[in-house]
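Asks: Protein chains in written order, with our numbering: chain L, 1 to 112; chain Y, 1 to 303; chain E, 1 to 285. A virtual CB, placed ideally from N, CA and C, is assigned to each residue, including glycine.
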Amino acid sequence: MIVAFTSKGKGWGSMIDPRFGRTDYFLVYDESKDTLSAHDNRQIENEAHGAGPKTAQLLFKLEADVLITGNGPGGNAAAVLEKAGIKIFTGAQSFTVNEAYRAYQEEKLQEF
Amino acid sequence: MEIGANDIKEIVVISGKGGTGKTSIAASFGYLSGDDVIMADCDVDAADLHLLMKPDFAYSEDFYSGELAFIDSDKCTSCGECAEVCRFDAITLRNGSYAVDALNCEGCGYCTRICPASAISNIKQQVGRFYISSTRTGANMVHARLNIGADNSGKLVAKVKNETKRLAAAYGRKTIIVDGSPGVGCPVVSSLSGADLAVMVTEPTKAGLHDLKRIYELVQKFRIKAGCIINKYDLNPEISEQIRIFLRGNNIRELGAFPYDEKFTMAINQAKTIVEYDRSGLGRLIRACRETMHLMINEKQML
Amino acid sequence: MNIAIASGKGGTGKTTLSVNLAALFAEERKIVLADLDVEEPNSGLFLQGDPVSEGVRYKYIPEWEESTCTLCGECQKVCNFHAVIQLASQIMIFPELCHSCYTCSELCPTDSLPMIPQRMGMLKHSKDGMIDFVESRLDIGQEQAVPLIAQTIEYLGEHFGENTIKLFDSPPGTACPVIEVIKNADFVILVTEPTPFGFHDLKLAVETVKELKKPAAVVINRYGSGPADEIIEFCHTSDIAVLASIPNNRRIAELYSGGELIYTKVPEVRTELEKIKNHILKQWK
Numbered sequence: 001m002i003v004a005f006t007s008k009g010k011g012w013g014s015m016i017d018p019r020f021g022r023t024d025y026f027l028v029y030d031e032s033k034d035t036l037s038a039h040d041n042r043q044i045e046n047e048a049h050g051a052g053p054k055t056a057q058l059l060f061k062l063e064a065d066v067l068i069t070g071n072g073p074g075g076n077a078a079a080v081l082e083k084a085g086i087k088i089f090t091g092a093q094s095f096t097v098n099e100a101y102r103a104y105q106e107e108k109l110q111e112f
Numbered sequence: 001m002e003i004g005a006n007d008i009k010e011i012v013v014i015s016g017k018g019g020t021g022k023t024s025i026a027a028s029f030g031y032l033s034g035d036d037v038i039m040a041d042c043d044v045d046a047a048d049l050h051l052l053m054k055p056d057f058a059y060s061e062d063f064y065s066g067e068l069a070f071i072d073s074d075k076c077t078s079c080g081e082c083a084e085v086c087r088f089d090a091i092t093l094r095n096g097s098y099a100v101d102a103l104n105c106e107g108c109g110y111c112t113r114i115c116p117a118s119a120i121s122n123i124k125q126q127v128g129r130f131y132i133s134s135t136r137t138g139a140n141m142v143h144a145r146l147n148i149g150a151d152n153s154g155k156l157v158a159k160v161k162n163e164t165k166r167l168a169a170a171y172g173r174k175t176i177i178v179d180g181s182p183g184v185g186c187p188v189v190s191s192l193s194g195a196d197l198a199v200m201v202t203e204p205t206k207a208g209l210h211d212l213k214r215i216y217e218l219v220q221k222f223r224i225k226a227g228c229i230i231n232k233y234d235l236n237p238e239i240s241e242q243i244r245i246f247l248r249g250n251n252i253r254e255l256g257a258f259p260y261d262e263k264f265t266m267a268i269n270q271a272k273t274i275v276e277y278d279r280s281g282l283g284r285l286i287r288a289c290r291e292t293m294h295l296m297i298n299e300k301q302m303l
Numbered sequence: 001m002n003i004a005i006a007s008g009k010g011g012t013g014k015t016t017l018s019v020n021l022a023a024l025f026a027e028e029r030k031i032v033l034a035d036l037d038v039e040e041p042n043s044g045l046f047l048q049g050d051p052v053s054e055g056v057r058y059k060y061i062p063e064w065e066e067s068t069c070t071l072c073g074e075c076q077k078v079c080n081f082h083a084v085i086q087l088a089s090q091i092m093i094f095p096e097l098c099h100s101c102y103t104c105s106e107l108c109p110t111d112s113l114p115m116i117p118q119r120m121g122m123l124k125h126s127k128d129g130m131i132d133f134v135e136s137r138l139d140i141g142q143e144q145a146v147p148l149i150a151q152t153i154e155y156l157g158e159h160f161g162e163n164t165i166k167l168f169d170s171p172p173g174t175a176c177p178v179i180e181v182i183k184n185a186d187f188v189i190l191v192t193e194p195t196p197f198g199f200h201d202l203k204l205a206v207e208t209v210k211e212l213k214k215p216a217a218v219v220i221n222r223y224g225s226g227p228a229d230e231i232i233e234f235c236h237t238s239d240i241a242v243l244a245s246i247p248n249n250r251r252i253a254e255l256y257s258g259g260e261l262i263y264t265k266v267p268e269v270r271t272e273l274e275k276i277k278n279h280i281l282k283q284w285k
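(1) Give me, in chain order, the residues of the same chain whose beta-carbon lies closer than 6 Å to that of residue 13 of chain L; leave out the 5 immediate sequence neighbours on both sides.
(2) Kindly indicate if chain Y contains any beta-carbon less than 7 Å away from that of residue 19 of chain L.
(3) Considering only residues of the same chain and omitting the five flanking positions on each side of residue 150 of chain Y, which have a CB-CB separation below 7 Å?
(4) Using DSSP with H/G/I as helix, E/B as strand and the rest coil, what is residue 255 of chain E?
(5) Does any residue of chain L bring its CB to less than 7 Å from the CB of residue 148 of chain E?
(6) Determine, using beta carbons only, whether residue 53 of chain L comes closer than 7 Å to chain E.
(7) Checking contacts by CB at 7 Å: is residue 247 of chain Y closer than that to chain E?
(8) Bridge partners for residue 34 of chain L per DSSP, in chain order?
(9) Roughly how many angstroms lie between the CA atoms of residue 87 of chain E and residue 50 of chain L, to the nearest whole one?
(10) Taking residue 92 of chain E as the query, report the chain L residues whose CB atoms sit under 8 Å from its CB, ordered along the chain.
(11) With contact counted as at least three CB pairs below 8 Å, one residue from each stretch, are the region 273-282 of chain Y and the region 135-152 of chain E in contact?
(12) Using the beta-carbon of each residue, which ones in chain Y are nearer than 8 Å to residue 48 of chain L?
(13) Which of the three DSSP states, helix, strand or coil, is assigned to residue 113 of chain E?
(14) Assess, as a yes-or-no matter, whether the region 166-173 of chain Y is touched by the region 98-107 of chain L under the definition of 3 or more beta carbon pairs within less than 8 Å.
(15) Can you check which of these residues, E:30, E:12, E:4, is closest to residue 161 of chain E by C-alpha distance?
(16) Helix, strand or coil, according to DSSP, for residue 1 of chain Y in the structure here?
(17) Cα-Cα, which of Y:284, Y:270, Y:268 is closest to residue 258 of chain Y?
(18) Which whole-angstrom value describes the C-beta separation of residue 57 of chain E and residue 115 of chain E, a residue pair presumed to lie in contact below a C-beta threshold of 8 Å?
(19) Between the region 79-102 of chain Y and chain E, which residues of the former have a C-beta closer than 9 Å to a C-beta of the latter?
(20) When you compare the CB of residue 194 of chain Y with every CB in chain E, is at least one pair closer than 7 Å?
(21) Which runs of the beta strand (DSSP E), 3 residues or longer, sit entirely within the region 72-109 of chain L?
(22) Using a Cβ-Cβ cutoff of less than 6 Å, which residues in the same chain neighbour residue 42 of chain E once the five nearest sequence positions on both sides are dropped?
(23) Under 8 Å: do the region 132-139 of chain Y and the region 26-36 of chain Y share three or more Cβ pairs, one atom per stretch?
(24) Considering only their Cβ atoms, is the gap separating residue 76 of chain E from residue 128 of chain E smaller than 7 Å?
(25) What does residue 71 of chain L touch in chain Y if you count any residue whose Cβ is under 8 Å from its own?
(26) Check whether the region 37-49 of chain Y touches the region 178-185 of chain Y, taking contact to mean three or more Cβ pairs, one atom from each stretch, closer than 8 Å.
(27) On the premise that residue 1 of chain L lies in contact with residue 66 of chain L, defined as a C-beta separation below 8 Å, what is that separation, rounded to the nearest angstrom?
(28) With a 10 Å radius around its C-beta and 16 neighbouring C-beta atoms as the bar for buried, classify residue 236 of chain E as buried or exposed.
(29) In this structure, what does DSSP give as the bridge partners for residue 40 of chain Y?
(30) Do residue 263 of chain E and residue 273 of chain E have their C-beta atoms closer together than 7 Å?
(31) How many Å lie between residue 30 of chain L and residue 110 of chain L at the Cα?
(32) Would you please verify whether the beta carbon of residue 187 of chain E is less than 7 Å from any beta carbon of chain L?
(33) As an exercise, report each continuous alpha helix (DSSP H) stretch of at least 4 residues that is fully enclosed by the region 61-127 of chain E, in chain order.
(34) What does residue 124 of chain Y pair with, by DSSP beta-bridge criteria?
(35) Which runs of the beta strand (DSSP E), 3 residues or longer, sit entirely within the region 135-222 of chain E?
(36) Could you check how far apart the C-beta atoms of residue 69 of chain L and residue 92 of chain L are, in whole angstroms? I think they sit under 8 Å.
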């Protein structure tokens, strides 16, 4: 499985970014290879409209299976993620990426 | 690393309808926090928070959003194809040459793409200015001003909020108070995004109740904790009761109810917050309200 | 004659003034009141009309024709609004983000994105006594108010003659929606209140009407709740008349809260509204 996190920074200790469309980074953890990579999404700040679908498309290109985030995506972004078959887990806004991953494994996060 | 970025609590004050006292209340909360708060004015369309907070406009920059078509008259062959494809009647023939009407142009870029002479380019549009200030209460404030006719997209609001969070983390401030955008459109969505508590200010009028319900729909979508302040509650006891029934039915905490009081306006007229102007009356009510608010925020999030 | 009632700031009493003024005009003139604050239409809360007509309003958006699409990706490239997104072998369209510019549809090499009508809101036309009332409401989630405002103004032009006074209750602020309304007005009434907020936002509103070169006048609401000298001075130097000053009192606020007409119960308000009416009728002649 490839698990993606909306995050404020680039490491396991970074905080989860509660926003989806305008998240600063995506951290992508490939469970089979045990690799963590960071993808900068901050250029989205320049987009006046449609940040949600655009970010969802990036997530699709990163081949994520699961998304862990805070508030959850808006309607447009959720539609793209659904089409892309990405499962969404929300409510991780007060966690670091590391804590959020553990909460996800222990099935403590809410499925969107 | 961004230590404890999420220890910062963000409170957004909103009201669907204008004139309910949203800005005065947000400013009062800000005043009570002294310098231990960052203020954000996300009501960028009619930004008024600065009238009470007296920011110094210390830092400012131009803000760009969206695009606008621009026709280079030296290259233009006056073939008129641009005017033909434009769905917004934004390109007109003036004294023999084609020109773009900035107020009509949506920046879709259709004309730019099809111009046979490559005479049209889409240029970034400067739509307003963005400020970071110190205020008379010692708090820092992030605010913005849109140009006339500029589209209040979520982007400027998102920018104001991002800068607010960055400042809060850099200065170790625990609270952010946002004067939210009016209405229920895109800017409000941006104001609410990432907030820890939404304070909905309403009044017991038909319009007030109607707009409270609309704004709550939005708050609910974001699953943000919500509280409500009923301003001028004694103006119409019947509608106040209807508001309370709505609040109870939706498990929304009533943070406070303020009486109709001319002191509310008198404070604004002296460019003061209500808590400064009327310490014992309205001021006491607002202080109590703020305490309930902080209790609510610190209640453990359900997992 | 098209008269827009506007204010920079929300909550200054725009809707109250619109509804009361419409009722006063209706005593002797043909009048239609249109609520063009399509995101938050509130005038209808004050009028109980009998329905005349009601209809869904549409905007045009592209629809994906899968069978002819070659997945070349041109559509998503040309859309400046991210309303068209390509996901592997699928094209997704986001109606709320679409500005109906037709770029993707007309530049698609295989014509696989025909434009089709899509609901954006409702227009309701009703009649309360002698007042015709037209209200448009944008569906929740729709982001663009301008097309619905434009269609509503068009509806008014089609259904009412030259000798009907058309009152536009405008959206607040100074952004695109209010510009769309003022562009179509012959005369603008700016409502303000004597507070620093009211004054500040009046200055923005005046800037707006000057930019659009529209004749305008000011009405001061809640007169007496604070010093109005600055506002009056400002109007004087900006060469804008102050038509009326509606007093500030609790009785008016109470009548408003219950959605009742005010001028029929408070004589001072009637006197002030008469001044506005006379000014407008004089303009028209």
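Replies: According to the structure shown:
(1) The residues are 96.
(2) yes
(3) Cβ neighbours of residue 150 of chain Y beyond the five flanking positions: 127, 128.
(4) helix
(5) No, residue 148 of chain E does not count as interfacial toward chain L.
(6) Output row for residue 53 of chain L: interface = yes.
(7) no
(8) DSSP lists no partner for residue 34 of chain L.
(9) 15 Å
(10) Neighbours of residue 92 of chain E on chain L, chain order: 53, 79, 80, 83.
(11) With the cut-off at 8 Å, the region 273-282 of chain Y and the region 135-152 of chain E do not touch.
(12) 65, 66, 151, 153, 154, 155
(13) coil
(14) No, the region 98-107 of chain L does not touch the region 166-173 of chain Y.
(15) E:30
(16) Caution is warranted here: a pLDDT of 35 is assigned to residue 1 of chain Y, below 50, making its placement in the model unreliable, and no coordinate value can be reported.
(17) Y:284
(18) Contact flag wrong, Cβ pair sits at about 16 Å.
(19) 85, 86, 87, 88
(20) no
(21) 87-90
(22) Result list for residue 42 of chain E: 15, in chain order.
(23) yes
(24) no
(25) 193, 194, 222, 223, 224
(26) yes
(27) 6 Å
(28) exposed
(29) Y:142, Y:178
(30) In contact: residue 263 of chain E and residue 273 of chain E (Cβ atoms closer than 7 Å).
(31) 21 Å
(32) No Cβ of chain L is located within less than 7 Å of the beta carbon of residue 187 of chain E.
(33) 74-78, 103-107
(34) Y:67
(35) The DSSP assignment places complete beta strand (DSSP E) segments of no fewer than 3 residues inside the region 135-222 of chain E at 165-169, 187-192, in order along the chain.
(36) 7 Å
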